[in-house]
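Engineer: My questions will all concern the structure given below.
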Amino acid sequence: MRLTHKPLTALLVLFSAFVLTAHAQGKKPLPQLGKSSLKQVVDAMTVEEKAKLVVGMGFKMPGMPPPVKGEKPKPVNIGGFTLPPSDPEAYDVPEKVAGTAGRTHAILRLGIPSITVSDGPAGLRIDPTRPNDKKTYYATAFPVATLLASSWDTALVKKVGVAFGNEIREYGVDVILGPALNIHRNPLGGRNFEYYSEDPLVAGSMTAAIVNGIQSQGVGTSIKHFAANNQETNRNSINTIVSERAMREIYLKGFEIAVKASQPWTVMSSYNRVNGTYTSERRDLQTDILKREWGFKGFVMTDWFGGSDAVAQMNAGNDLLMPGNPDQSDAIVAAVKGGTLSIAQLDANVTRMLKIILKSPTFKGYKYSDKPDLKGHAAVSRMAAAQGMVLLKNEGAALPLTKGKKVAVFGNTSYALIAGGTGSGDVHKAYTVMLPQGLANAGIKVQPALAKAYADYIVDAKAKQPKNPNFFMAPPPIPEMDATSLVEKEADGADAAIITIGRNAGEGADRKVENDFTLTDAEKALINGVSTAFHAKGKKVVVVLNIGGVIEVASWRDSVDGILLAWQPGLEGGNAIADVLSGKVNPSGKLASTFPVAYQDVPSAKNFPGKEFPRPAGQAPNPMVGAPSEVVYQEGVYVGYRYYDSFKIKPAYEFGYGLSYTKFKLSDVKVSAPEFKGSISVSVTVKNTGKIAGKEVVQLYLTAPNQTLDKPAQELKAFAKTGLLAPGQSQVVTLTLHAGDLASFYTDKSAWVADAGEYKVQIGTSSREIAKSVSFNLAKEIVTEKTHKSLTPQVAIDEVINK
Ligand code: BGC
């Protein structure tokens, strides 16, 4: 057993001795978790112990000084952020794993251990080195969620989950704080890289796949942030005004799919308010919908410092408050004594937590190795990264590059590749493979003088970068190197050019339109200069996009021959990009979020990130609290392609789009019956008609009849990826629809209803590349599900603003 376990082991021995003595003296032995029934354990807990269990042990915020011994902990200010005080126990009780995000309290007399939770969605976030310890604890940076979703391959994403879960377990952590699946409502969302898609079916299916993979390793997940957490601006205060229908069909749907298909151990509630009330304080969300309607069996924890009222959170069924501080436990005890929190509710929250603690590796005494197979996991990361990259353009067969070709590699980011985003979604990885290294490994020659100029420039620019004022803030990007004087020479000497454009973001801030969604002047000049010089010599130019969220492409894409969307591909990034550029892997990724022509085309452009109101008199600005603010989801269910397709707005690259180095033909589309009776299947033959092996994604879009409700022109209802098809090889893909897939949410009826009428099924390889339409009929309307009336405003908006 590891050193840090010793205090816990000693205490457990002591308490077992106490239990045995009590028994020998004829006293009733204390119930013990795992040995006694849950009810016996809960009944044996004092109110104070229950209130301790449902409040985390605090955490050591990077840069936060420890509380002063003997003094009541005070709020702390780090780089402009005022943070609530942490529980002194976070500093006093030795951590099981250094650098995790939080822990629960142990109640040792009842055999309840403390469990450890840690970020984040793209890899385990723990301290890579520890004081007085020569060993290292680096973790694998897997590709970000947006890339994984672009694979449209749930089996692949599950494989990533298995490797990820193994790493979590072998580093001694019980629950990973991910995956994250908020909807890409707007391309500027600062955490979009952590999220999968603009579409809830893709987001929910990917989440279920990775959760099933991770949890197959005996550790838990926390799907987050529940719900409608679609922006970072004023994330702790924003009041999201959204219809119940948009919540049910778009913002909750992915969570519903994931809960039903994978039973994550935990769910993390979000920071924002929905229709006036913090999500963590909404009983309709945390209890009626999540637990009752969907059958969620685990527990709900708050996001870190989320919400404002511990008792309201308990009453809502938000079972655990994180990271936790003793004031919250005191408030809970007082509420039970004062009658504003029933013991039955507190017991329900405690019981849910105990059920998960029972499954945890810590409870089971798992002897973790601290030596996960990092090499094996890096191989999984590389393989997955190559499968999720999207080939956006490939004119004149610019790609693949052949072995032995000499390539001039431009763009700072080629030499400072971004493996993943910042904040809690960042991973302490041992290395990131840069693009020139990856190309060299693939047998492609990188022009050395240009590479050296960039490498020198980056070392110099990095040394000049200001330090981050706090953990949340990412360093500003290094200005693009001016390569003008080098371009002509490279156009003479090299066979082709690659230019990498990079973008990074993370929690705490949203992206901006200028110089982030759009290219900077220096980037535009680089693309122009390189393209003009190389094209003059009849040579090709390929742009690699190393980005976490959607950017503007329409204004510059005509200047280049190829565009590979590599997203943020994890620690093996350079190798994975080279796998695709060299043709070792034939790209098969498809967009899971639309690339619009212009930012103004985005349906939420006018309503992002909302408006701010004056602060109450005397309140100092504090990003941890945010300004009084409100955002209206005026677009309703018309998010992403649901909007572009319904309102006939042409995107730059549509949802579901992606090229391959081969060609496919879809034929023989058949619907199993003309009339819908319980379910219906659609089959299609996919044939590789090109010259090299490849995979294709079959997408099924449904157009439902409009009786009284406005519905999107089409919605993705099923998808599947083929196996690797050799040239000439075919595969029959069958997709099945159930009654629920036909239904829309009728707010006035509090029900999901499939309207009677004709349903049009479009089978294609993108939302606009439709091979064939077929239809079937539904004779009589079906009410597929009755729900609780939910999510109505609980307080007047004015009241929230002035709070
Ligand atoms: C983030 C969560 C994260 C938590 C713990 C919060 O700031 O929003 O996603 O899991 O911190 O680090």
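In terms of our numbering, the sequence shown opens at residue 5 and continues consecutively.
For every residue, glycine included, the Cβ atom is placed at its ideal position computed from N, Cα and C.
(1) Alpha carbons only, please: which of Leu663, Ser671, Gly577 is nearest the one belonging to Leu421?
(2) Let me check understanding here. Comparing Cα to Cα, which of Ala207, Asn186, Ile218 lies closest to Val179?
(3) Give me the Cα-Cα distance between Pro66 and Asp323, rounded to the nearest whole angstrom.
(4) Going by the DSSP bridge assignment, what does Val121 pair with across the sheet?
(5) Is DSSP giving Gln2 helix, strand or coil here?
(6) Among residues of its own chain, excluding the 5 on either side of Asn276, which ones have a beta-carbon nearer than 7 Å to its beta-carbon?
(7) Could you work out which residue in Ile567, Ser364, Val437 is closest to Gly400 when comparing CA atoms only?
(8) To which residues of the same chain is Gln735 closer than 7 Å at the C-beta, ignoring the five residues directly before and after it?
(9) Measuring straight from C-alpha to C-alpha, what distance separates Asn550 and Thr522?
(10) As a quick exercise: from Ala250, Leu42, Val164, pick the residue whose alpha carbon is nearest that of Thr796.
(11) Of all the CB atoms in chain B, is at least one closer than 8 Å to the CB of Asp292?
(12) Check whether the Cβ atoms of Gly429 and Gly124 lie closer than 8 Å to each other.
(13) At the level of alpha carbons, what is the spacing between Ala697 and Gly447?
(14) Grouping DSSP H, G and I as helix and E and B as strand, with all else coil, what is Ser155?
(15) Here's the rule I'm using: 16 or more other beta-carbon atoms within 10 Å means buried, otherwise exposed. How should Gly415 be labelled?
(16) If we count the other Cβ atoms within 10 Å of its Cβ and call it buried at 16 or more, is Glu52 buried or exposed?
(17) Please report the straight-line C-alpha distance between Thr25 and His109, rounded to a whole angstrom.
(18) Distance, Cα to Cα, Arg113 vs Leu358?
(19) Beta-carbon separation of Thr120 and Thr366 under 8 Å?
(20) Please report the residue range of the beta strand (DSSP E) in which Val736 lies.
(21) My guess is that Phe197 and Gly425 are in contact by the Cβ rule of under 8 Å, so how many angstroms apart are they, rounded?
(22) Nearest-angstrom Cα distance between Phe259 and Gly208?
(23) The beta strand (DSSP E) with Met305 in it runs from where to where?
(24) Is the Cβ-Cβ distance between Gly574 and Ala338 less than 8 Å?
(25) Any chance the segment 523-537 sits against the segment 578-590, with 3 or more Cβ pairs inside 8 Å?
(26) Tell me whether Ser556, by its Cβ, gets closer than 7 Å to a heavy atom of the ligand BGC.
(27) Is Lys76 buried or exposed, if buried means 16 or more other CB atoms sit within 10 Å of its CB?
(28) Quick check on the burial criterion: 16 or more other C-beta atoms within 10 angstroms. Buried or exposed for Ser90?
(29) If you scan the segment 280-366 from start to end, which runs of the beta strand (DSSP E) of 3 or more residues do you find wholly inside it?
(30) Which term fits Ala213, buried or exposed, when burial requires 16 or more other beta carbons within 10 angstroms of its beta carbon?
(31) Hey, which residues come within less than 5 Å of the ligand BGC, measuring from Cβ to any heavy atom, in chain order?
(32) According to the Cβ coordinates, are Ser385 and Ala570 closer than 8 Å?
(33) Measuring alpha carbon to alpha carbon, tell me which residue in Val641, Glu616, Ala624 is nearest Ser633.
(34) Would Leu782 and Leu741 qualify as a contact pair, given that the criterion is a beta-carbon distance under 8 Å?
(35) For Ser418, does the three-state DSSP call read helix, strand or coil?
(36) Given that a residue counts as buried once 16 or more other Cβ atoms are within 10 Å of its Cβ, and exposed if not, what is Thr225?
Structural biologist: Looking at the coordinates:
(1) In the sequence shown, counting from the first residue as 1, residue 421 sits at position 417. The shortest Cα separation from Leu421 among Leu663, Ser671, Gly577 belongs to Gly577.
(2) As a working mapping, residue 179 is identified with position 175 in the sequence shown. Distance check between Val179 and each of Ala207, Asn186, Ile218 places Ile218 closest, using alpha-carbon atoms only.
(3) If you number the sequence shown from 1, residue 66 lands on position 62. If you number the sequence shown from 1, residue 323 lands on position 319. Distance between the alpha carbons of Pro66 and Asp323: 26 Å.
(4) Residue numbering aside, residue 121 sits at position 117 when the sequence shown is read from its first letter. Bridge partners of Val121: Gly106, Val179.
(5) Given a span of 5 to 807 for the chain in the structure shown, any question on residue 2 remains unanswerable.
(6) Along the sequence shown, read from residue 1 onward, the residue named residue 276 stands at position 272. For Asn276, where only same-chain residues beyond five positions count, the Cβ hits under 7 Å are Ala232, Asn233, Arg239, Ile242, Thr244, Thr283.
(7) Position 396 of the sequence shown, counting from 1, holds the residue named residue 400. Per the Cα distances, Ile567.
(8) Counted from its first residue, the sequence shown places residue 735 at position 731. The beta carbon of Gln735 sits closer than 7 Å to the beta carbons of Val690, Thr726, Gly727, Leu729 from its chain, once the five residues preceding and following it are set aside; these are given in chain order.
(9) Taking the first residue of the sequence shown as 1, we reach residue 550 at position 546. Taking the first residue of the sequence shown as 1, we reach residue 522 at position 518. Cα to Cα, Asn550 sits roughly 14 Å from Thr522.
(10) Start at 1 with the first residue of the sequence shown, and residue 796 comes out as number 792. Looking at the Cα atoms, Ala250 is the closest of the given residues.
(11) The structure shown contains no chain B; it is built from a single protein chain.
(12) Numbered from 1 along the sequence shown, position 425 holds the residue referred to as residue 429. Numbered from 1 along the sequence shown, position 120 holds the residue referred to as residue 124. Going by C-beta atoms, Gly429 is nearer than 8 Å to Gly124.
(13) Along the sequence shown, read from residue 1 onward, the residue named residue 697 stands at position 693. Along the sequence shown, read from residue 1 onward, the residue named residue 447 stands at position 443. Cα-Cα distance, rounded: 21 Å.
(14) For the purposes of this step, residue 155 is taken as residue 151 along the sequence shown, with counting starting at 1. Of the three classes helix, strand and coil, the one that applies to Ser155 here is coil, per DSSP.
(15) For the purposes of this step, residue 415 is taken as residue 411 along the sequence shown, with counting starting at 1. By the 10 Å Cβ count, Gly415 comes out buried.
(16) Indexing the sequence shown from 1 puts residue 52 at position 48. Answer is exposed; the Cβ neighbour count stays below 16.
(17) Position 21 of the sequence shown, counted from the first residue, corresponds to residue 25. Position 105 of the sequence shown, counted from the first residue, corresponds to residue 109. Residue placement at Thr25 is poorly supported in this model, since its pLDDT is 49, which falls under 50; the coordinates still yield a value, given next. So the two alpha carbons sit approximately 25 Å from each other.
(18) Counted from its first residue, the sequence shown places residue 113 at position 109. Counted from its first residue, the sequence shown places residue 358 at position 354. The straight-line gap from Cα to Cα measures roughly 14 Å.
(19) Stepping through the sequence shown from its first residue, residue 120 is reached at position 116. Stepping through the sequence shown from its first residue, residue 366 is reached at position 362. Yes; because the gap between Cβ atoms is below 8 Å, this pair is in contact.
(20) The residue you call residue 736 lines up with position 732 of the sequence shown. Val736 -> beta strand (DSSP E) spans 734-742.
(21) Within the sequence shown, numbered from 1, the residue matching residue 197 stands at position 193. Within the sequence shown, numbered from 1, the residue matching residue 425 stands at position 421. Going by Cβ atoms, the distance from Phe197 to Gly425 rounds to 4 Å, so yes, they are a contact pair.
(22) Locating residue 259 in the sequence shown gives position 255, where the first residue counts as 1. Locating residue 208 in the sequence shown gives position 204, where the first residue counts as 1. Going from the Cα of Phe259 to the Cα of Gly208 covers about 6 Å.
(23) On the sequence shown, residue 305 is found 301 positions in, with the first residue counted as 1. Counting along the chain, Met305 sits inside the beta strand (DSSP E) bounded by residues 303-305.
(24) The residue given as residue 574 occupies position 570 in the sequence shown. The residue given as residue 338 occupies position 334 in the sequence shown. Their beta carbons are not under 8 Å apart, which means Gly574 does not touch Ala338 by this criterion.
(25) The segment 523-537, when compared against the segment 578-590, does not touch it at the 8 Å Cβ threshold.
(26) One-based indexing of the sequence shown puts residue 556 at position 552. Correcting the residue identity first, residue 556 is Glu in this sequence and not Ser. Result no, Cβ not under 7 Å from the ligand BGC.
(27) Residue 76 sits at position 72 when you count from the first residue of the sequence shown. Exposed, by the Cβ-count rule.
(28) Translated into the one-based positions of the sequence shown, residue 90 becomes position 86. Buried, since its Cβ has 16 or more Cβ neighbours within 10 Å.
(29) The segment 280-366 contains these whole beta strand (DSSP E) runs: 303-305.
(30) Here residue 213 corresponds to residue number 209 of the sequence shown, with the count starting at 1. It is buried - the Cβ of Ala213 has at least 16 other Cβ atoms within 10 Å.
(31) Ala105, Asp123, Leu181, Asp307, Trp308, Ser428
(32) As a working note, residue 385 is residue 381 in the sequence shown. As a working note, residue 570 is residue 566 in the sequence shown. Not a contact, by the Cβ cut-off of 8 Å.
(33) Residue 633 sits at position 629 when you count from the first residue of the sequence shown. It is Glu616.
(34) Taking the sequence shown and counting its residues from 1, the one referred to as residue 782 is at position 778. Taking the sequence shown and counting its residues from 1, the one referred to as residue 741 is at position 737. No, these two residues do not count as a Cβ contact at 8 Å.
(35) Taking the first residue of the sequence shown as 1, we reach residue 418 at position 414. In this structure, Ser418 counts as helix in the three-state DSSP scheme.
(36) Taking the sequence shown and counting its residues from 1, the one referred to as residue 225 is at position 221. Residue burial annotation: Thr225 is buried, with at least 16 other C-beta atoms found within 10 angstroms of its C-beta.
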